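Asker: After the structure tokens below, expect a handful of questions from me.
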Amino acid sequence: MGICKTSYPINSSLYEEDFDSKLNIEIEEIRVLNMSCPAISPVKETFFISHGSPTLSIDESLPARNFLKSFKQKFLINQKPNSILVISAHWETSEPTVNSIRGRNETIHDFYGFPKSMYQLKYPAPGSPELAKRVKDVLMASGFPIVHEDKKRGLDHGAWVPLMLMYPEADIPVCQLSVQPNRDGTYHYNLGKALASLKDEGVLIIGSGSATHNLRALGPSKNVSSWALEFDNWLKDALLSGRHQDVNNYDMKAPHAKVAHPWPEHIYPLHVALGAAGEGVNGELIHHSWDLGALSYASYRFPSLNRSS
128 MGICKTSYPI NSSLYEEDFD SKLNIEIEEI RVLNMSCPAI SPVKETFFIS
178 HGSPTLSIDE SLPARNFLKS FKQKFLINQK PNSILVISAH WETSEPTVNS
228 IRGRNETIHD FYGFPKSMYQ LKYPAPGSPE LAKRVKDVLM ASGFPIVHED
278 KKRGLDHGAW VPLMLMYPEA DIPVCQLSVQ PNRDGTYHYN LGKALASLKD
328 EGVLIIGSGS ATHNLRALGP SKNVSSWALE FDNWLKDALL SGRHQDVNNY
378 DMKAPHAKVA HPWPEHIYPL HVALGAAGEG VNGELIHHSW DLGALSYASY
428 RFPSLNRSS
């Protein structure tokens with residue numbers, strides 16, 4: 128996946144490692160404050176973010192980077208989550224697993240062949256054992272018999288790259304939830320439905336994957352491959368018209384599904400975000416751009432049916 132050719136300058140002022148002695152004292156205060164105090168306005172929407180290539184973390188030429196940097200101002204101007212739950216394509220397990228970190232989340236650089244500067248980036252967001260327990264509890268109460276807590280794993284780039292741009296202060300507690308590649312879209316949709324009540328507790332639910340994800344098909348071409356366009360357009364139409372069952376069965380319904388997603392882990396976070404929004408919700412396309420001829424950065428918002436409440 129080492130597709131970046133150039134080394135980029137970085138403003139690392141927010142990601143230096145000189146916080147070690149200070150943040151350990153502040154982490155508990157941040158977590159307790161965020162978990163106990165009500166948000167300005169609870170975030171009732173859920174989101175699916177196409178995180179694309181890891182170079183999104185440093186490549187100023189990518190339109191998706193500017194989209195994520197303006198995310199708060201555009202979509203959550205009067206809404207600050209108490210905590211964030213990210214369902215990332217880059218954590219695959221046989222059963223649902225949530226990380227439960229007391230202290231700072233480790234920044235996992237789970238990519239290879241990229242500029243050295245990318246491996247210096249840090250996103251020291253606090254973890255939240257309280258949210259991890261709530262995730263486990265609501266899933267088990269909804270019929271998921273086995274849910275694990277991982278007390279060591281930090282945030283992979285599917286989580287920290289978009290969050291670094293969306294919430295650069297890294298002051299909101301973050302938990303990450305895995306996907307199960309041995310399951311299907313409906314399973315992950317039901318996973319999202321089970322998590323929906325967390326929105327009322329001030330939890331921002333984000334699915335982080337990719338609208339298309341075929342690394343072998345990527346290249347320098349500026350022309351988008353026809354199969355990618357057709358799949359991406361089908362997905363957009365299905366989401367905007369609220370055809371949840373079609374999206375759940377994308378592998379049988381969508382054109383070129385197996386080419387767009389040879390493996391399903393990058394689309395399953397979408398199913399979780401969609402399920403957490405609620406049945407009958409129409410999605411909203413909030414960003415769309417392409418890179419490398421076949422990599423869609425299509426991102427969606429799913430408003431709650433009782434958004435005014």
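Positions in the sequence shown are counted from 1; adding 127 to them yields this note's numbering. Think of the CB as a built atom: it goes at the ideal place given N, C-alpha and C, for glycine as much as any other residue. It should be emphasised that the depicted structure is a prediction, and the values quoted were computed from it without experimental measurement.
1. Taking S423 as the reference, which of D283, I333, S352 and D364 has the closest Cα?
2. Can you name the start and end residues of the beta strand (DSSP E) that Q303 belongs to?
3. As an exercise, report each continuous alpha helix (DSSP H) stretch of at least 4 residues that is fully enclosed by the segment 263 to 328, in chain order.
4. Go ahead and pull the three-state DSSP assignment for R229.
5. What residues in its chain sit with their C-beta under 7 Å from that of L183, if we drop five residues either side in the sequence?
6. Are P396 and S348 close, meaning C-beta to C-beta below 8 Å?
7. My output table needs one value for S134: the three-state DSSP class, helix, strand or coil.
8. Taking all protein chains shown into account, do 16 or more other C-beta atoms lie within 10 angstroms of the C-beta of E172, making it buried, or fewer, making it exposed?
9. Look at the Cβ atom of P391, then the Cβ atom of E357, and state whether they are nearer than 8 Å.
10. State the start and end residues of the unbroken beta strand (DSSP E) segment that holds E172.
11. What is the rounded straight-line gap between the Cα of E144 and the Cα of K249?
12. Take Y294 and list the residues in its own chain whose beta-carbon comes closer than 6 Å to its own, dropping the five residues that flank it on each side.
13. How many angstroms separate the CA atom of L266 from the CA atom of I273?
14. Would you mind stating whether P223 and S305 have Cβ atoms separated by less than 8 Å?
15. Over the uninterrupted beta strand (DSSP E) stretch that includes A216, give me the two end residues.
16. In terms of residues, what are the limits of the alpha helix (DSSP H) holding L121?
17. How about S221 and N341: are their beta carbons less than 8 Å apart?
18. Along the chain, where does the alpha helix (DSSP H) that runs through E411 open and close?
19. F271 to G319, Cα distance in whole Å?
20. Can you grab the Cα-Cα spacing for the pair D311 / K363, in whole Å?
21. Considering only their Cβ atoms, is the gap separating W354 from V386 smaller than 8 Å?
22. Determine the DSSP secondary structure at S368, reduced to helix, strand or coil.
23. May I ask which residues mark the beginning and end of the beta strand (DSSP E) holding F429?
24. First and last residue of the alpha helix (DSSP H) that includes A404?
25. Using C-beta distances below 6 Å, list every residue in its chain close to E233, excluding the 5 sequence neighbours before and after it, in chain order.
26. With DSSP run on the structure shown, which of helix, strand or coil describes P382?
27. Of the choices S227, Y314, G254 and F429, whose alpha-carbon is the least far from that of L367?
28. Does the count of Cβ pairs from the segment 245 to 261 and the segment 197 to 205 closer than 8 Å reach three?
29. How close, in whole Å, do the beta carbons of E411 and Y427 come, if the pair is a contact with beta carbons under 8 Å?
30. If I measure Cβ to Cβ from H315 and keep anything under 6 Å in the same chain, skipping five residues before and after, which residues do I get?
31. Starting from Q200, trace the alpha helix (DSSP H) in both directions and tell me its first and last residue.
Answerer: Walking through what the data contain:
1. S352
2. V301 to V306
3. 284 to 293 and 312 to 322
4. coil
5. L189, A191, R192 and V288
6. no
7. Because S134 sits at a pLDDT of 30, beneath the cut-off of 50, its placement in the model cannot be relied upon, and the point is left open.
8. buried
9. no
10. Per DSSP, E172 belongs to no beta strand (DSSP E) and is neither H nor E.
11. Residue placement at E144 cannot be trusted, given a pLDDT of 41 that sits under 50; what the coordinates show is reported in the next sentence. Roughly 8 Å between the two C-alpha positions.
12. none
13. 9 Å
14. yes
15. S210 to E219
16. This structure gives no information on residue 121, because the portion of the chain shown stretches from 128 to 436.
17. no
18. It is not in any alpha helix (DSSP H) - E411 instead sits in the beta strand (DSSP E) that spans E411 to H414.
19. 12 Å
20. 20 Å
21. yes
22. coil
23. S426 to F429
24. Y395 to A404
25. G281
26. coil
27. F429
28. no
29. 6 Å
30. Y395, H398 and V399
31. F198 to F202
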